[in-house]
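Peer 1: Count along the sequence shown from 1, then add 5; that gives the number in this note's numbering.
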Amino acid sequence: MNARKFLKSFRYAVEGILTATMEQNLRFHILSAVIVVLAGLLTGLSTTEWFMITIVIALVIGAELFNSAIERVVDLASPEIHPLAKQAKDIAAGAVLVFAVASVIIGLLIFLPKWF
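Here you go:
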């Protein structure tokens, strides 16, 4: 394995994440993750709860990164407005919404019993 190529791939991945932070929705998800982590620290979550929170945060942010990539590829392939291009973008955004709603439900299941 070429170590230089391997390290370059990490640089490209970080560049991709930084590029995606231009997206308002990704910034919102990152801010939400920071708030949840701070709430978790103040609440005293168990290891299992931290595991679930970490997985959920990774899934939502990962889904948003995929969504951003899909949007860019669709825009490149179909710069003009096309119904299938819109559907592809809407479906990708819908996937993020599914993960986000599930993450809110999981967060409520974890935090509410500890707070009330």
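Every residue, glycine too, gets a C-beta built ideally from N, C-alpha and C. Quick caveat: nothing in here was measured; it's all calculated off a predicted structure.
(1) Could you tell me whether the stretch 79-88 touches the stretch 47-59, where touching means 3 or more Cβ pairs closer than 8 Å?
(2) Could you give the DSSP three-state label for residue 24: helix, strand or coil?
(3) Assuming residue 72 and residue 100 form a contact by the criterion Cβ under 8 Å, report the distance between their Cβ atoms to the nearest whole angstrom.
(4) Within 8 Å, do at least three Cβ pairs link the stretch 112-120 to the stretch 85-92?
(5) Could you have a look at residue 83 and say whether DSSP puts it in helix, strand or coil?
(6) Look up residue 6 in the DSSP assignment and say whether it is helix, strand or coil.
(7) Would residue 91 pass as a contact of residue 75 if the rule is Cβ separation under 8 Å?
(8) Near residue 32, which residues of its chain fall below 7 Å by C-beta distance, leaving aside the five closest residues on each side in sequence?
(9) Do residue 65 and residue 108 count as a contact pair if the criterion is CB distance below 8 Å?
(10) Of the choices 68, 9 and 12, whose alpha-carbon is the least far from that of residue 102?
Peer 2: Let me lay it out:
(1) no
(2) helix
(3) 7 Å
(4) Contact between the stretch 85-92 and the stretch 112-120 is absent, because fewer than three Cβ pairs lie under 8 Å.
(5) coil
(6) coil
(7) no
(8) 26
(9) yes
(10) In terms of CA proximity to residue 102, 68 leads the group 68, 9 and 12.
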